[in-house]
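Enquirer:
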RNA sequence: GCGCCUGUAGCUCAGUUGGAUAGAGCAUCGGAUUUCUAAUCCGGCGGUCGCGUGUUCGAAUCACGCCAGGCGCGCCA
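Numbering (the working numbering), first residue to last: 599 to 1158.
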């Protein structure tokens, strides 16, 4: 069954002959949804917008869906859903997409031999959330972690490994030792040539250097895995840059033969229209850069998974690069998939200056997560000292990690991100714990309900059984029900514009509306049939909250 | 110099692509609990949407010009 917005949109569109531009009402007093499309059409046809709106309304048949639509203001049409219709809609599951696509999502992409720091968090968390939403809506999603496991830094790493390695330090903290080796070699001018020689040997397939290289990657992947496990992030594939090495020469040859690339100042370049600087696909010394790797990666993905769309989640600084790569792909491949670069702002310090990678001032991701969990544990212990320690720690984990993720996801990704411990780890206001708390209160109701109410399903399941008839009479019941109804449209909007902050905003409103309902509408003390109706409302809220948080990569807990 | 992004309440930010009286959180001030978890709820205070000119029924949103900050601009990724 189509959703409320689908039904109304389609009806208006048919009557108007143009997009309905249906939105939630700016102010609830106008109704639930407003159609703005009439005014645009009236302007174009030079008609009176209010008269046109009346004509449109006369052609609408929305019996059983909403009250008679009204014209207001400059030509808005307002719709107010009927409680019976809302109740009926709530028994329907969230609609899957009508046209499933194959989507490759490329995010996180940390570098080997480096610690993961706060700079990696946005790509990882935003990408993971978008993957979850797309998958939930019924798309075929392939996630691929394009790690930086190849490049000039390996010359220095291998040299350092051979000459300066401290095995005790390596055993204790492999990545810290690798970072030390890199810095040590990099700092010494006289070692540069030797490092370059090690790199050349690696590229030529020298057995010893290959073994060291593999070992370094292995150690790095152990670190990545540990971090991803804490964050609950997983990838279908981890095909790093090195995977594409065998294809690079062919890519260059083909682009040259096709006349897409040409020699310039000794390098092989692709000049993209509108850009002065080219994409360099082969350096004058014969080496390949990441531009070539990215091109080979697109080709591999196209041939392997046949995606309709490839999405890259990286910071905004790579815009020019991806613009050039995408333009090249469109000239090169016969039926190129849609390519999207989803950007986000830089991470700034509290002084609004960028947190620089080289400075060593980076906040390590692992430390951030530790501190998040510690702060959460303090609060849990303070609120609920009687809970066993293991339980408190488990709660602290969900709350702490959830708070960090939510702080990131709830912000519009395009703006720069000012890093602040307090902001990242805040536990009140518009934060994940507020949403988790709403869920906990519902779970508590169901625990208390116990045998009194025979839950046909677990309270967090949506349930497909015939739900008790919903009696939506109290205003806060109605408000809550309508909010639940908007889950589906919110997910579609979130994916369409790649903006997880719309989902966080929606869930925050849901939690707020539930809290008002909770204050105003006793559940267990009510007489039937109100009690069953309210329990159903609770069950649906719990379902949407749990599912919604899951799509953000945030766990729920049963008590806190 | 050219290009991209940002500028909204004291602070941190939303604002569904041009819609109705610009909204939250934090901070601050006040109120609510014999009732299902008060990590809650209700209310007050707080605005020249960086500045200016334009486009039109209507602009935080679009165009142009300034101002301020950030990022990018051939062989690093």
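Think of the CB as a built atom: it goes at the ideal place given N, C-alpha and C, for glycine as much as any other residue.
List the whole-angstrom C-beta distance separating residue 1152 from residue 998, where the pair is believed to meet the contact cut-off of C-beta under 8 Å.
Expert: About 11 Å separates the two Cβ atoms, so there is no contact after all.
Enquirer: Taking the beta strand (DSSP E) that residue 1136 falls in, what are its first and last residues?
Expert: No beta strand (DSSP E) holds residue 1136; the alpha helix (DSSP H) holding it covers 1128-1149.
Enquirer: Hey, quick one: how far does the alpha helix (DSSP H) through residue 822 stretch, first residue to last?
Expert: That run of the alpha helix (DSSP H) goes 805-829.
Enquirer: DSSP on residue 1097, reduced to helix/strand/coil?
Expert: Coil at residue 1097, not helix or strand.
Enquirer: Among the residues of its own chain, which have a CB less than 8 Å from the CB of residue 968, if the five just before and after it don't count?
Expert: Answer for residue 968: no residue qualifies.
Enquirer: Residue 667 and residue 679: beta carbons closer than 8 Å?
Expert: The answer is no: Cβ separation not under 8 Å.
Enquirer: Could you give the DSSP three-state label for residue 1029: helix, strand or coil?
Expert: Coil at residue 1029, not helix or strand.
Enquirer: Note down, one range per segment and in chain order, each alpha helix (DSSP H) of at least 4 residues found wholly within the stretch 823-890.
Expert: Listed in chain order, the complete alpha helix (DSSP H) runs (minimum 4 residues) inside the stretch 823-890 are 846-855.
Enquirer: Once DSSP output is grouped into helix, strand and coil, what is the label at residue 772?
Expert: In this structure, residue 772 counts as helix in the three-state DSSP scheme.
Enquirer: Using 8 Å for Cβ pairs, my map puts residue 1161 next to residue 715. What's the rounded Cβ distance?
Expert: It is not possible to answer for residue 1161, since the shown part of the chain is limited to 599 through 1158.
Enquirer: Please report the straight-line C-alpha distance between residue 945 and residue 870, rounded to a whole angstrom.
Expert: Those two C-alpha atoms are separated by around 30 Å.
Enquirer: Going by the beta-carbon positions, is the gap between residue 864 and residue 882 smaller than 8 Å?
Expert: Against a cut-off of 8 Å, the Cβ pair of residue 882 and residue 864 comes out as a contact.
Enquirer: Excluding the 5 residues flanking residue 760 on each side, which residues of the same chain have their C-beta closer than 8 Å to its C-beta?
Expert: Excluding positions up to five away in sequence, the list reads 796, 810.
Enquirer: Counting only runs of 4+ residues fully inside the stretch 599-670, write out the alpha helix (DSSP H) ranges in chain order.
Expert: Segments of the alpha helix (DSSP H) lying fully in the stretch 599-670: 602-614, 635-643, 647-657.
Enquirer: Run through the stretch 661-715 for me and flag every whole beta strand (DSSP E) of 3 or more residues, listed as ranges in chain order.
Expert: Qualifying beta strand (DSSP E) stretches, in chain order: 668-670, 674-677, 700-704.
Enquirer: Residue 956 by DSSP, collapsed to three states: which one?
Expert: Caution applies to residue 956, whose pLDDT of 36 falls short of 50 and renders its modelled position unreliable; the model cannot decide the point.
Enquirer: What are the uninterrupted segments assigned as beta strand (DSSP E) that are 3 or more residues long and contained completely in the stretch 714-796, given in chain order?
Expert: Here the runs fully enclosed are 738-742.
Enquirer: I need the DSSP call for residue 909, collapsed to helix, strand or coil.
Expert: It is a strand residue.
Enquirer: What distance in whole Å lies between the Cβ atoms of residue 1038 and residue 852, which are believed to be in contact at a cut-off of 8 Å?
Expert: The Cβ separation is near 58 Å, so there is no contact.
Enquirer: For residue 938, report the span of its beta strand (DSSP E) as first-last.
Expert: Residues 936-942.
Enquirer: Based on the DSSP output, what are the partners of residue 1152 in its beta bridges?
Expert: Answer by DSSP bridge pairing: none, since residue 1152 is not bridged.
Enquirer: Touching or not, the stretch 699-710 and the stretch 896-908, by the rule of three or more beta carbon pairs under 8 Å?
Expert: Yes: at least three Cβ pairs fall under 8 Å.
Enquirer: Where do the ends of the alpha helix (DSSP H) carrying residue 981 lie?
Expert: Counting along the chain, the alpha helix (DSSP H) containing residue 981 begins and ends at 963-981.
Enquirer: Are the stretch 770-787 and the stretch 924-936 touching, with three or more C-beta to C-beta distances below 8 Å?
Expert: Result no; under three Cβ-Cβ pairs closer than 8 Å.
Enquirer: Tell me the DSSP secondary structure of residue 946 in three-state form.
Expert: In the structure shown, residue 946 sits in a strand (DSSP, three-state: E or B).
Enquirer: Ignore the nearest five residues each way along the sequence and tell me which others in residue 954's own chain have a CB closer than 6 Å to its CB.
Expert: Bear in mind that a pLDDT of 48 at residue 954, under 50, signals an unreliable position, so the number given afterwards is only what the model happens to contain. Taken in chain order, the list of residues that qualify is empty.
Enquirer: If residue 1068 sits next to residue 1139, beta carbons under 8 Å apart, how far is it from one beta carbon to the other, in whole angstroms?
Expert: 12 Å between Cβ atoms; not a contact.
Enquirer: Apart from the five residues on each side of it in sequence, which residues of its chain come closer than 6 Å, Cβ to Cβ, to residue 817?
Expert: So the list reads 772, once near-sequence residues are dropped.
Enquirer: Could you give the distance in angstroms between the alpha-carbon of residue 611 and the alpha-carbon of residue 660?
Expert: Whole-angstrom Cα-Cα distance: 13 Å.
Enquirer: Around the Cβ of residue 1093, are there at least 16 other Cβ atoms within 10 angstroms (buried) or fewer (exposed)?
Expert: Buried.
Enquirer: Mark residue 1100 as exposed unless 16 or more other C-beta atoms lie within 10 angstroms of its C-beta, in which case mark it buried.
Expert: It is buried - the Cβ of residue 1100 has at least 16 other Cβ atoms within 10 Å.
Enquirer: Quick one: using the 10 Å Cβ neighbour count with 16 as the cut-off for buried, is residue 748 buried or exposed?
Expert: With 16 or more other Cβ atoms within 10 Å, it is buried.
Enquirer: For the alpha helix (DSSP H) that residue 998 lies in, which residues bound it at each end?
Expert: Looking at the DSSP string, the run of the alpha helix (DSSP H) that includes residue 998 is 987-1007.
Enquirer: By the 10 Å Cβ neighbour count, where 16 or more other Cβ atoms means buried, how is residue 1117 classified, buried or exposed?
Expert: Per the 10 Å Cβ criterion, exposed.
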